[in-house]
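Trainee: Everything in the sequence shown is counted per this note's numbering, starting at 19 for the first residue and increasing by one.
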Amino acid sequence: MNRLLPLVSLAVLLIQPVATAVASPWPQYRGPRASGLDDSRPLPTSWNAETGENIRWKTAIPGLAHASPIVWGDRIYVATAVSAGGKSDLKVGLYGAIESAPEKDVNQWRLLALDKATGAIVWNVVGHEAVPKVARHTKATHCNSTPATDGRRIVAIFGSEGLFCFDTSGRLLWKKDLGPMDSGYFQVPTAQWGFASSPVIHDGKVVVQVDVQKDSFLAVFDLETGRELWRTPRSDVPTWGTPAIVTAGGRTQIAVNGWHHAGGYDFATGRELWKYDGGGDIPVPTPIVAHEMIYFTSAHGRSRPMRAIRADATGDLTPDESGAQKPGVVWNHDRKGNYMQTPIVVGDLLYGCADVGLLTCFDAKTGEIRYSERLSKTSEGYTASPVSDGRNLYLTSELGNVFVVPVGAAFSVLATNPLGETCLSTPAISDGVLFFRTRERLIAVGAK
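Following this line, the structure appears as structure tokens:
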């Protein structure tokens with residue numbers, strides 16, 4: 019027996035360096051738990067896309083899509099939609115038009131794998147080919163949903179075409195028709211804007227939120243086989259937020275944003291745990307989790323709240339006729355929320371950026387506002403959500419200007435770095451590198 023002890027010790031010594039050398043994955047929209055945070059290594063605060071300063075590589079990505087990149091190991095995965103009619107139009111900026119962009123050409127929905135170190139395309143596969151079933155908004159695409167991976171499987175929602183699962187070599191394993199995924203303005207149903215909620219993988223299962231014009235639902239599928247495990251009907255207007263997994267208070271729940279039905283559902287059964295009626299009537303941001311609370315925001319219409327809900331809340335949390343908040347609501351601001359961007363929590367501070375570039379910093383535990391400042395004096399739209407390395411926030415305008423704001427209760431802009439292209443996708447972080455998906459490219463920004 020004693021002879022085995024040195025061998026066991028040697029095995030531990032050999033295994034340990036390998037384990038610590040693996041970079042943290044960024045497996046879904048906004049990374050782990052949709053937090054937008056990876057504080058394992060500092061990110062660069064300045065770069066120059068023209069001269070190449072702190073630019074690791076640039077790789078052209080075909081088609082038009084707002085799906086964010088995801089990262090696992092030495093691979094980056096990105097989804098896109100390529101039109102047979104050539105380059106698709108994209109109208110960015112601050113405007114309120116509800117019109118759709120018609121699409122009569124065949125599209126190829128593709129999944130690409132890139133080498134993280136070099137940007138070389140390892141494989142590029144067609145997952146589906148057809149004329150899109152629904153139209154998109156002039157600022158949207160037919161591939162807005164970010165893929166998700168557990169390192170063995172990759173799942174992607176390709177617009178209104180359904181849910182697709184691939185292995186890490188790009189082989190299609192299974193697909194599911196999720197029905198008519200008609201997302202658009204609830205007051206003008208003919209205004210189709212395109213689907214955008216992203217899938218989430220947890221415990222070998224795939225979670226999808228399909229809030230559309232008719233027959234909305236929340237569902238969970240088996241990752242290996244695609245078998246539907248449960249489906250819970252939902253009654254709300256179309257939404258575009260990604261569901262969030264919340265493990266707290268001895269239970270695992272799925273938190274979803276909504277106007278008439280934000281809420282939490284039991285992960286194992288789909289049973290409703292709590293609900294909240296009220297907020298902005300075009301819900302886009304994803305719920306995020308910190309400090310045993312779930313943070314929700316939405317905008318448009320009469321309300322744009324930023325609110326914190328206890329992770330162990332139960333029942334109907336909708337305020338009564340007097341407007342008094344129920345015990346499950348920790349704090350609430352009726353007019354301080356965001357339209358497009360998902361907020362971010364770093365330490366004890368919560369940051370939310372409105373689509374006009376107004377950055378508001380809250381005490382995450384109490385809701386006290388620390389500051390509310392404009393990122394720039396110029397008029398720019400903001401769609402991509404902020405990310406952070408725990409030291410600074412990175413906020414990207416639609417024109418591709420990335421504002422670096424130090425984490426803290428005092429506002430300042432440390433640097434402004436242009437990407438040289440429009441950008442509506444939220445970046446990914448891995449191993450001290452930012453990966454931006456712009457109109458034409460994937461750009462790796464990291465200290466050389």
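Every residue, glycine too, gets a C-beta built ideally from N, C-alpha and C.
Just so you know, these numbers come straight off a predicted model, no measurement behind them.
1. Alpha carbons only, please: which of Ile300, Leu132, Tyr369 is nearest the one belonging to threonine 77?
2. Tell me which residues share the same chain as phenylalanine 235 and place their Cβ nearer than 7 Å to its Cβ, disregarding the 5 neighbours each side in the sequence.
3. When you compare each of Val89, Val226, Val255, Val230 to leucine 241 by their alpha carbons, which one comes out closest?
4. Whose CA, out of Arg392, Pro50, Ala115, lies closest to the CA of threonine 304?
5. Measuring straight from C-alpha to C-alpha, what distance separates glycine 319 and isoleucine 300?
6. Taking only the alpha-carbon atoms, compute the straight-line gap between lysine 383 and methionine 311 and give it to the nearest angstrom.
7. Please look up how many angstroms separate the CB atoms of valine 239 and lysine 193, rounded, as I've assumed it's under 8 Å.
8. Between isoleucine 79 and the rest of its own chain, which residues show a CB-CB distance below 8 Å, the 5 nearest in sequence each way excluded?
9. Mind listing, in chain order, the continuous beta strand (DSSP E) runs of no fewer than 3 residues lying wholly within the stretch 269-352?
10. Start and end of the beta strand (DSSP E) containing aspartate 193?
11. Using 8 Å as the Cβ pair cut-off and three pairs as the minimum, do the stretch 63-74 and the stretch 113-129 touch?
12. For my contact list, proline 43 and tryptophan 90 are in at a C-beta cut-off of 8 Å; report their separation, rounded to the angstrom.
13. Under the DSSP definition of a beta bridge, which residues are partnered with isoleucine 73?
14. Check whether the stretch 51-69 and the stretch 133-148 touch, using three or more Cβ-Cβ pairs below 8 Å as the test.
15. Rounded to whole angstroms, what's the CA-CA distance from alanine 115 to histidine 220? Just pull it up for me.
16. Please work out which residues of its chain come closer than 7 Å, Cβ to Cβ, to lysine 223, disregarding the five sequence neighbours upstream and downstream, and give them in chain order.
17. Can you say whether isoleucine 447 is buried or exposed, counting buried as having 16 or more other CB atoms within 10 angstroms of its CB?
18. With DSSP collapsed to three states, give me the class of alanine 99.
19. Could you pull out every residue in the same chain whose Cβ sits closer than 8 Å to the Cβ of arginine 149, ignoring the five residues on either side in sequence?
20. I'd like the span of the beta strand (DSSP E) that includes proline 217, first residue to last.
Mentor: Looking at the coordinates:
1. Ranking the options by Cα distance to threonine 77, first place goes to Leu132.
2. Val228, Arg249, Thr250, Pro251, Arg252, listed in sequence order.
3. Nearest option by C-alpha distance: Val226.
4. Here the closest residue by C-alpha is Pro50.
5. Glycine 319 and isoleucine 300 have their C-alpha atoms spaced approximately 8 Å apart.
6. As the crow flies, the alpha-carbon of lysine 383 is around 8 Å from that of methionine 311.
7. Per the sequence shown, the amino acid found at residue 239 is phenylalanine instead of valine. That belief does not hold up - the Cβ atoms of phenylalanine 239 and lysine 193 are roughly 11 Å apart, past 8 Å.
8. So the qualifying residues of the chain are Val96, Thr98, Leu130, Arg455, Glu458, Arg459, Leu460.
9. You should have 269-274, 280-284, 290-294, 306-308, 311-315, 324-328, 347-351.
10. Note that residue 193 is lysine in the sequence shown here, rather than aspartate. Lysine 193 -> beta strand (DSSP E) spans 190-194.
11. Short answer: they don't touch.
12. About 5 Å separates the two Cβ atoms, so the contact holds.
13. Beta-bridge pairing links isoleucine 73 to Val463.
14. No, the stretch 51-69 is not in contact with the stretch 133-148.
15. Taking the CA atoms as reference points, alanine 115 sits about 37 Å from histidine 220.
16. Within the same chain, lysine 223 has close Cβ partners Val238, Phe239, Asp240, Leu241, Leu247.
17. Here isoleucine 447 is buried: its Cβ has 16 or more other Cβ atoms, across all protein chains shown, within 10 Å.
18. Residue state, collapsed to three classes: strand.
19. The identity of residue 149 in the sequence shown is valine, whereas the question assumes arginine. Excluding positions up to five away in sequence, the list reads Glu121, Lys122, Asp123, Val124, Asn125.
20. First-last for proline 217: undefined, no H or E at that position.
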